[in-house]
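Here the protein sequences line up with chains A and B, keeping their order.
Using our numbering, the letters of the first sequence correspond one by one to residues 62 to 172.
Using our numbering, the letters of the second sequence correspond one by one to residues 62 to 172.
Glycine included, each C-beta is placed from N, C-alpha and C at the ideal position.
Because the structure is a prediction, the values reported are computed rather than measured.
Scroll down for the structure; my scribbles are underneath it.
There are 2 protein chains.
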Amino acid sequence: MEMKDAVVALAAMAQETRLAVFRALVVAGPEGLSAGRIADALAVAPATLSFHLKELDRAGLVTARQDGRYVLYSANFAQMNALLGFLTANCCRGAVDDCAPAALCCPPDHA
Amino acid sequence: MEMKDAVVALAAMAQETRLAVFRALVVAGPEGLSAGRIADALAVAPATLSFHLKELDRAGLVTARQDGRYVLYSANFAQMNALLGFLTANCCRGAVDDCAPAALCCPPDHA
DNA sequence: TATATATTTCGATTAATGTTGAAATATGGA
DNA sequence: TCCATATTTCAACATTAATCGAAATATATA
Numbered sequence: 062m063e064m065k066d067a068v069v070a071l072a073a074m075a076q077e078t079r080l081a082v083f084r085a086l087v088v089a090g091p092e093g094l095s096a097g098r099i100a101d102a103l104a105v106a107p108a109t110l111s112f113h114l115k116e117l118d119r120a121g122l123v124t125a126r127q128d129g130r131y132v133l134y135s136a137n138f139a140q141m142n143a144l145l146g147f148l149t150a151n152c153c154r155g156a157v158d159d160c161a162p163a164a165l166c167c168p169p170d171h172a
Numbered sequence: 062m063e064m065k066d067a068v069v070a071l072a073a074m075a076q077e078t079r080l081a082v083f084r085a086l087v088v089a090g091p092e093g094l095s096a097g098r099i100a101d102a103l104a105v106a107p108a109t110l111s112f113h114l115k116e117l118d119r120a121g122l123v124t125a126r127q128d129g130r131y132v133l134y135s136a137n138f139a140q141m142n143a144l145l146g147f148l149t150a151n152c153c154r155g156a157v158d159d160c161a162p163a164a165l166c167c168p169p170d171h172a
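Encoded structure:
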């Protein structure tokens, strides 16, 4: 992941509505949620939500797929993990052994 | 970490100059760097850098301490790790075992 | 085809953010 | 004390982001 990509991804999550949307999608898992369900759950106007979903999509953090007349959004775990990897890279300068380990988000390949 | 804190921390890093500053401080380690050295290294105007350092400080991502006529800034690894923990929390819904592990940043307690 | 539902785009408005020169503040050394 | 260096604050400006009603687009069903 490049610096610019990281900035875009961080900016996408650096907003209360979008962070809430993203976390809801993380909980929902690979099946995802329709735009309408997200709008209801978070009480956000459809046009506003659409704007934020596009931001998350532009950042590569979510993926959209058509399902009938609904559009289902799901979290892009691979991108999420790439960002976390970027943020932790170059940390510790080799003394990584002493650092506390943490779990990343589930990759889609096992869902 | 609360939602609001996460948004503030993410917003602090969601800017090219600030992300560069923060990463430089992560590499520099607990000793930190003076504002002037950072300004030189990144070719940023002093006033601009001061503005960004204040943002990072407000987000709890860096700490400042006076050293003679210099002000030394260092990364706040604890806050960094809290943010990563927040972003990975509620991920996977219990299936954490299958997730790829990643190292967090070195906590200050062993530096 | 016509109608209803779901989502996005558009336009306008408001608010927040990033940048920098110049002035103010703080510290160290002559 | 006086001067030089380091950093921050201030003020002004330009840019970007967030919100939402209304209109446009897409899909499903009668």
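Does DSSP put residue i in a helix, a strand or coil?
i, result
"Leu122/A", "coil"
"Ala67/B", "helix"
"Gln76/B", "coil"
"Val105/B", "coil"
"Ala136/A", "strand"
"His113/A", "helix"
"Ala143/B", "helix"
"Cys160/A", "Its pLDDT being 43, under 50, Cys160/A is placed unreliably by the model, and the measurement read from it follows with that caveat. Correct three-state label for Cys160/A: coil."
"Ile99/A", "helix"
"Val88/A", "helix"
List, in chain order, every chain B residue whose beta-carbon is nearer than 8 Å to that of residue i.
i, result
"Val123/A", "Chain B residues near Val123/A: none, gap ~15 Å exceeds 8 Å."
"Leu145/A", "Leu145, Leu148, Thr149, Ala163"
Just the chain A side, please: which residues come within less than 7 Å of residue i by C-beta, in chain order?
i, result
"Val68/B", "Ala75, Gln76, Glu77, Leu80"
"Met62/B", "Going along chain A, no residue has its Cβ under 7 Å from Met62/B, so there is no contact; the nearest lies around 12 Å."
In chain B, what lies closer than 7 Å to residue i by C-beta?
i, result
"Ala72/A", "Ala75"
Say yes only if the C-beta of residue i is nearer than 8 Å to one or more non-hydrogen atoms of the ligand GDP, and no if none qualify.
i, result
"Leu133/A", "Ligands displayed in this structure: none; no statement on the ligand GDP is therefore possible."
Practice item. Flag this pair as touching only if the region 131-140 of chain A and the region 72-90 of chain A have three or more C-beta atom pairs under 8 Å; answer yes or no. Key: Segments in contact, yes.
Point to revise | Contact list for the region 104-122 of chain B against chain A, Cβ threshold 7 Å | key: Contact residues of the region 104-122 of chain B toward chain A are absent (C-beta to C-beta distance below 7 Å).
**Study point:** Inter-stretch contact at 8 Å, needing at least 3 Cβ pairs: the region 104-111 of chain B / the region 140-150 of chain B
**Key:** No, the region 104-111 of chain B is not in contact with the region 140-150 of chain B.
Review point. For the 8 Å Cβ check, are there 3 or more pairs between the region 93-103 of chain B and the region 110-124 of chain A?
Key: No, they do not touch.
Exercise for review: Indicate whether the contact test is met: 3 or more Cβ pairs, each with one atom in the region 120-128 of chain A and one in the region 72-81 of chain A, closer than 8 Å.
Suggested key: Because the criterion of three Cβ pairs below 8 Å is met, the region 120-128 of chain A and the region 72-81 of chain A touch.
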